[in-house]
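Chemist: I'd like to ask you about the structure that follows.
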Amino acid sequence: MGDFYLYQRNLCEMKNRREDVIRLPHPLPHPHMEHREVPSGLWLIGSDFTVQPDDEPKRTSVTLSQSLSSDVTSTTSAPSPPLPPSVPERGSYNITNNGTVCLLASMGLQLNITYNSRSQGKAVQETINLQPNLTRTSGSCEADNSKLVLLEGNTNLTFTFFLNSTTNKYHLSELALSINLPDMAQPLIITNHNLSYLQGTLGYSYMCRQELILAIEPNFSLNTFHLQVQPFGVSGNEFGAAEECDMDKDDMLIPIAVGAALAGLVLVVFLAYLIGRKRSHAGYQTI
Numbered sequence: 001m002g003d004f005y006l007y008q009r010n011l012c013e014m015k016n017r018r019e020d021v022i023r024l025p026h027p028l029p030h031p032h033m034e035h036r037e038v039p040s041g042l043w044l045i046g047s048d049f050t051v052q053p054d055d056e057p058k059r060t061s062v063t064l065s066q067s068l069s070s071d072v073t074s075t076t077s078a079p080s081p082p083l084p085p086s087v088p089e090r091g092s093y094n095i096t097n098n099g100t101v102c103l104l105a106s107m108g109l110q111l112n113i114t115y116n117s118r119s120q121g122k123a124v125q126e127t128i129n130l131q132p133n134l135t136r137t138s139g140s141c142e143a144d145n146s147k148l149v150l151l152e153g154n155t156n157l158t159f160t161f162f163l164n165s166t167t168n169k170y171h172l173s174e175l176a177l178s179i180n181l182p183d184m185a186q187p188l189i190i191t192n193h194n195l196s197y198l199q200g201t202l203g204y205s206y207m208c209r210q211e212l213i214l215a216i217e218p219n220f221s222l223n224t225f226h227l228q229v230q231p232f233g234v235s236g237n238e239f240g241a242a243e244e245c246d247m248d249k250d251d252m253l254i255p256i257a258v259g260a261a262l263a264g265l266v267l268v269v270f271l272a273y274l275i276g277r278k279r280s281h282a283g284y285q286t287i
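Listed below in structure tokens is the structure:
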């Protein structure tokens, strides 16, 4: 849809008469428009309007109506893609038993859930960052079992760690989520008792700086960021030496490989210099 501008000019000095001129694109931009010549000049005729020349030169703006422009394809901007979720804030959590810290954890937590939306009437996905300053902590420590419970509003997230006393190895064996959002058709309650994530050795902490994606159930996964956890054998209220995840180890291999390549390049250049110098010295002796 657009404006068509009509211009008139007086040509009395040329033909001793007035000629009304309407300048339009050719062919006309819309099938519902036509121009017609009549004794008084040129007329612009459309399904919803008619413009005729009058006595005074002027500039007229004609705006097509909705019915006239219904066949014209309009261009609308596509909706902006959703922004990726932000990295959650890292929180520090600890559990004490008889006044002694028995579990330490430091991590950013991000929930990825799928639930039935009351307003949309279908399953929707949502990403929720746990906020440490709004989270309450509780839990327990036993000989071969430790629990960390994080509660924020209507969200309850429980980690259960198991220690194998034979191998002195621990791992995250169970994760439970209970969450109730205003738009949920019903609360979401999920528990998986058969996990084997975050494996470490008694007296050591488990660390993973990279983002870890823990798949719990088809409708729930937990992402951790800058994680360090020690559910058993805490000494002096501090983390023990860290056992790093495989992703962190791979990340460390990159600078090592680059350093080794640079050292090799320096060695090759140095050997080439020595060989060139030796040949030059031999040439002087021959002369």
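Note that the numbering used here numbers the sequence shown so that position 220 is 220, with each residue one more than the last.
The C-beta atom is built at its ideal place from N, Cα and C for all residues, glycine as well.
In this text, all values refer to a predicted model and were calculated from it rather than measured experimentally.
What distance in whole Å lies between the Cβ atoms of residue 220 and residue 190, which are believed to be in contact at a cut-off of 8 Å?
Modeler: Indeed they touch by this definition, with Cβ atoms about 5 Å apart.
Chemist: Could you check where the beta strand (DSSP E) with residue 90 kicks off and where it finishes?
Modeler: Taken as a continuous stretch (DSSP letters only), residue 90 belongs to no beta strand (DSSP E), as it is neither H nor E.
Chemist: Closer than 7 Å: is that where the CB of residue 172 sits relative to any heavy atom of the ligand GDP?
Modeler: Here there are no bound small molecules, and the ligand GDP is not part of this structure.
Chemist: Less than 8 Å between the CB atoms is what I'm expecting for residue 207 and residue 243, so what's the real figure, rounded?
Modeler: Between residue 243 and residue 207 the Cβ distance is about 7 Å, and since that is below 8 Å, they are a contact.
Chemist: With a CB to CB cut of under 6 Å and the five nearest residues on each side skipped, what residues in its chain are close to residue 115?
Modeler: 184, 188, listed in sequence order.
Chemist: What is the DSSP secondary structure of residue 176, reduced to helix, strand or coil?
Modeler: If DSSP states are grouped into helix, strand and coil, residue 176 belongs with the strands.
Chemist: Using a 10 Å radius around the Cβ and a threshold of 16 neighbouring Cβ atoms, would you call residue 213 buried or exposed?
Modeler: Exposed, by the Cβ-count rule.
Chemist: By DSSP, does residue 41 sit in helix, in strand, or in coil?
Modeler: Residue confidence for residue 41 is low, a pLDDT of 49 falling below 50, so the modelled location carries little weight and cannot support an answer.
Chemist: Would you grab the beta carbon distance between residue 196 and residue 171 for me? Rounded to a whole angstrom, and I think it's under 8 Å.
Modeler: At roughly 5 Å, the Cβ-Cβ gap stays under 8 Å, so residue 196 and residue 171 are in contact.
Chemist: What's the gap between the Cα of residue 98 and the Cα of residue 123?
Modeler: So the alpha carbons of these two residues sit roughly 45 Å apart.
Chemist: To the nearest angstrom, how far is the alpha carbon of residue 217 from that of residue 178?
Modeler: Each residue's Cα considered, the two are about 13 Å apart.
Chemist: When burial is assigned at 16 or more other CB atoms within 10 Å of the CB, is residue 93 buried or exposed?
Modeler: Buried, since its Cβ has 16 or more Cβ neighbours within 10 Å.
Chemist: Would you list the one or two residues that DSSP bridges to residue 129?
Modeler: Its beta-bridge partners are 110.
Chemist: May I have the straight-line CA-CA distance separating residue 108 from residue 204, to the nearest angstrom?
Modeler: Each residue's alpha carbon lies about 20 Å from the other.
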